[in-house]
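S.K.:
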Amino acid sequence: MPTISLTDIRLFLLRIVRPLDPFLLIITLAIMACTYLVMLSASPERMGAHLTNVVVALTVMWIVAAQPPQRLNNFALPLYVLGVLLLIGVALFGDVSKGARRWLDLKVMRIQPSELMKIAMPLMLAWYFQKREGSLKVRDFLVAMLLLVVPVGLIAKQPDLGTAILVLGAGFFVIFFAGLSWKLIIPTGLIGIIGIVAVIAYQSEICAPQVKWPGLHDYQKHRICTLLDPSTDPLGKGFHTIQSTIAVGSGGFLGKGWRNGTQTHLDFLPERHTDFILAVISEEFGLAGVLIISILYCLLIARGLMIANNASNLFARLLAGSVTMIFFTYAFVNMGMVSGILPVVGVPLPMVSYGGTALVTLCLGIGILMSIRQSRRRR
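Mapping of the sequence shown onto the working numbering: position 237 corresponds to residue 230, and the numbering continues sequentially without gaps.
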């Protein structure tokens, strides 16, 4: 019977640890440790399912981290095509739940194809720009925009505005890092600012019930209007915003203490374990708790951008940059939504909110960053 020596054990452990980036791993585990405390307070009955999601997500992260970026490159086009076909399938045959057609029943399993596009989109665009490296023209950026608009439009049609924003952000960051001209970005930004100012200035007129907003569903218009004045529907669309801001404001600097949040434990705070878990952190741990989470996100983003800057080729740089900024988009939109400065669009707080699909997707993104870092280290 063969014996196992300490050297064999050491080599086995080294093989497991080698693909992982220590700095990213420590930050990820630190965020998950904070999540454990908050989840025990916000929704202790879901801890078993949450820990299972964490194990699955970390396993996916390790598997992806062990793959070379060249292999990820090979999956870019098939994943994108599969994602678009599945989104078309959702539009034609998808299951309707709570007024939205987002799920596709494959008999064997029930999937939400829009989640696939959060990773498939930046993979596809990074692959596309690498193919045209050194000879980029304006038409290449137009084609990239078309590749982005098709899945975003299909997702927004479901309707799923939150996921559409995340996929749009993931794709836009690739296009931006590929060299999109500021001459196109600045005018678009100015138009957006003018539109926001106009909505605020003429709120009473354009928020009237009989006014239809082109391109948006009635409930999306209602969310924006109640964001501007939640008191117009305090027990309906404005309820989430009102209760969340009360929880955020009542926490002060150090909070009320773990498991002592009144908004949380008296059931005033809706979706406290998912989209509004930041309000639980703010109420029980105060501004100090929010700052700790924010600093961890900043460290993660800084490390991701460093990996992108040092990547060995254009595909890896664009992919690492976009994946990193996905974390920024998640955190920014969720924090803005919870604090009442952005409309409620159903975007979770990255790696903190309860939910297996989002957690696995984000850990897959961290695995991609580790894969790119490991490839650079080998070189």
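Every residue gets a Cβ at the ideal spot worked out from N, C-alpha and C, and that includes glycine.
The structure displayed is predicted, hence computed values, not measured ones.
Taking a contact to mean a Cβ-Cβ separation below 8 Å, would you say residue 180 touches residue 93 in this structure?
M.R.: Taking the sequence shown and counting its residues from 1, one reaches residue 180 at position 187. Taking the sequence shown and counting its residues from 1, one reaches residue 93 at position 100. Contact flag unset, no.
S.K.: In chain order, what residues of the same chain have a beta carbon less than 7 Å from the beta carbon of residue 440, not counting five sequence neighbours either side?
M.R.: Residue 440 lies beyond the stretch modelled for the chain, which goes from -6 to 372, so this question has no answer here.
S.K.: What span of residues does the beta strand (DSSP E) with residue 18 cover, start to end?
M.R.: Walking along the sequence shown from the start, residue 18 turns up at place 25. Not the beta strand (DSSP E): residue 18 falls in the alpha helix (DSSP H), residues 15 to 35.
S.K.: Measuring alpha carbon to alpha carbon, tell me which residue in 290, 332 and 311 is nearest residue 343.
M.R.: Walking along the sequence shown from the start, residue 343 turns up at place 350. It is 290.
S.K.: Please report the distance separating the alpha-carbon of residue 29 from that of residue 40.
M.R.: Residue numbering aside, residue 29 sits at position 36 when the sequence shown is read from its first letter. Residue numbering aside, residue 40 sits at position 47 when the sequence shown is read from its first letter. Rounded to the nearest angstrom, the two C-alpha atoms are 8 Å apart.
S.K.: Given this structure, state the Cα-to-Cα distance separating residue -6 from residue 9, to the nearest angstrom.
M.R.: In the sequence shown, the residue the question calls residue -6 occupies position 1. In the sequence shown, the residue the question calls residue 9 occupies position 16. Annotation note: pLDDT 48 at residue -6 (below 50); position unreliable, coordinate value reported separately. Those two C-alpha atoms are separated by around 25 Å.
S.K.: Would you kindly report the start and end of the unbroken alpha helix (DSSP H) that includes residue 94?
M.R.: The residue labelled residue 94 in the question sits at position 101 within the sequence shown. Element bounds for residue 94: not the alpha helix (DSSP H) but the beta strand (DSSP E), 93 to 98.
S.K.: Does residue -6 come out as helix, strand or coil in the three-state DSSP assignment?
M.R.: To locate residue -6, count along the sequence shown from 1; it is residue 1. Because residue -6 carries a pLDDT of 48, less than 50, the predicted location of this residue cannot be relied on, and the following value inherits that uncertainty. Reduced to three states, the DSSP call for residue -6 is coil.
S.K.: Between residue 279 and residue 64, what straight-line distance do the alpha-carbon atoms span, to the nearest angstrom?
M.R.: Against the sequence shown, residue 279 aligns to sequence position 286. Against the sequence shown, residue 64 aligns to sequence position 71. Rounded to the nearest angstrom, the two C-alpha atoms are 44 Å apart.
S.K.: How big is the Cα-Cα spacing for residue 366 and residue 133?
M.R.: Mapped onto the sequence shown, residue 366 falls at position 373. Mapped onto the sequence shown, residue 133 falls at position 140. Their Cα atoms are separated by approximately 28 Å.
S.K.: Using DSSP's beta-bridge definition, name the partner residues of residue 265.
M.R.: For the purposes of this step, residue 265 is taken as the residue at position 272 of the sequence shown. None, per the DSSP bridge assignment.
S.K.: So residue 140 and residue 109 are supposed to be a Cβ contact under 8 Å. How far apart are they, rounded?
M.R.: Translated into the one-based positions of the sequence shown, residue 140 becomes position 147. Translated into the one-based positions of the sequence shown, residue 109 becomes position 116. Rounded, the Cβ-Cβ distance is 15 Å, inconsistent with contact.
S.K.: Inspect the beta-carbon positions of residue 272 and residue 331 and report whether they are closer than 8 Å.
M.R.: In the sequence shown, residue 272 corresponds to position 279, counting from 1. In the sequence shown, residue 331 corresponds to position 338, counting from 1. For residue 272 and residue 331, yes; Cβs fall inside 8 Å.
S.K.: If we count the other Cβ atoms within 10 Å of its Cβ and call it buried at 16 or more, is residue 362 buried or exposed?
M.R.: Position 369 of the sequence shown holds residue 362. Classification for residue 362: buried.
S.K.: Hey, residue 255 and residue 265 are a contact pair by Cβ (cut 8 Å); roughly how many whole angstroms apart?
M.R.: Residue numbering aside, residue 255 sits at position 262 when the sequence shown is read from its first letter. Residue numbering aside, residue 265 sits at position 272 when the sequence shown is read from its first letter. Incorrect: roughly 12 Å between the Cβ atoms, too far for contact.
S.K.: Following the continuous alpha helix (DSSP H) through residue 326, name the residue where it begins and the one where it ends.
M.R.: What you label residue 326 is simply residue 333 of the sequence shown in a count that begins at 1. Taken as a continuous stretch (DSSP letters only), the alpha helix (DSSP H) holding residue 326 covers 307 to 332.
S.K.: Would you mind reading off the limits of the alpha helix (DSSP H) that contains residue 287?
M.R.: Here residue 287 refers to the residue found at position 294 of the sequence shown. Run containing residue 287: 270 to 302, per the alpha helix (DSSP H) assignment.
S.K.: Run through DSSP, which three-state label would residue 356 get?
M.R.: Translated into the one-based positions of the sequence shown, residue 356 becomes position 363. Residue state, collapsed to three classes: helix.
S.K.: Going by DSSP, what residues sit across from residue 178 in a beta bridge?
M.R.: Within the sequence shown, numbered from 1, the residue matching residue 178 stands at position 185. Answer is none; residue 178 lacks a bridge partner.
S.K.: Would you check if there are 3 or more beta carbon pairs closer than 8 Å linking the region 111 to 122 to the region 299 to 314?
M.R.: Contact between the region 111 to 122 and the region 299 to 314 is present, because at least three Cβ pairs lie under 8 Å.
S.K.: With distances taken between CB atoms, is the gap from residue 145 to residue 161 smaller than 8 Å?
M.R.: Within the sequence shown, the letter at position 152 stands for residue 145. Within the sequence shown, the letter at position 168 stands for residue 161. Yes. Within cutoff.
S.K.: With a cut-off of 8 Å on the beta carbons, I'd call residue 129 and residue 172 a contact; round off their distance for me.
M.R.: Walking along the sequence shown from the start, residue 129 turns up at place 136. Walking along the sequence shown from the start, residue 172 turns up at place 179. So it is a contact: roughly 6 Å between Cβ atoms.
S.K.: Rounding to the nearest angstrom, what Cα-Cα distance links residue 24 and residue 210 in this structure?
M.R.: Here the question's residue 24 lines up with position 31 in the sequence shown. Here the question's residue 210 lines up with position 217 in the sequence shown. Spanning the two alpha carbons is a distance of roughly 35 Å.
S.K.: Measuring straight from C-alpha to C-alpha, what distance separates residue 334 and residue 233?
M.R.: Translated into positions along the sequence shown, residue 334 becomes position 341. Translated into positions along the sequence shown, residue 233 becomes position 240. Cα to Cα, the separation comes out at about 13 Å.
S.K.: How is residue 89 classed by DSSP in three states: helix, strand or coil?
M.R.: Residue mapping note: residue 89 aligns to position 96 of the sequence shown, counting from 1. Three-state DSSP puts residue 89 in a strand.
S.K.: What residues match up with residue 103 in a beta bridge as DSSP calls it?
M.R.: Position 110 of the sequence shown, counted from the first residue, corresponds to residue 103. 98, per the DSSP bridge assignment.
S.K.: Alpha helix (DSSP H) containing residue 214: first to last residue?
M.R.: Working through the sequence shown from its first residue, we reach residue 214 at position 221. Element bounds for residue 214: 211 to 221.
S.K.: Could you give the DSSP three-state label for residue 64: helix, strand or coil?
M.R.: Taking the first residue of the sequence shown as 1, we reach residue 64 at position 71. The answer is helix: DSSP assigns residue 64 an H, G or I state.
S.K.: To which residues of the same chain is residue 227 closer than 8 Å at the C-beta, ignoring the five residues directly before and after it?
M.R.: In the sequence shown, the residue the question calls residue 227 occupies position 234. 235, listed in sequence order.
S.K.: Where does residue 88 land, buried or exposed, given buried means 16+ other C-beta within 10 angstroms?
M.R.: As a working mapping, residue 88 is identified with position 95 in the sequence shown. When all chains shown are included, residue 88 counts as exposed.
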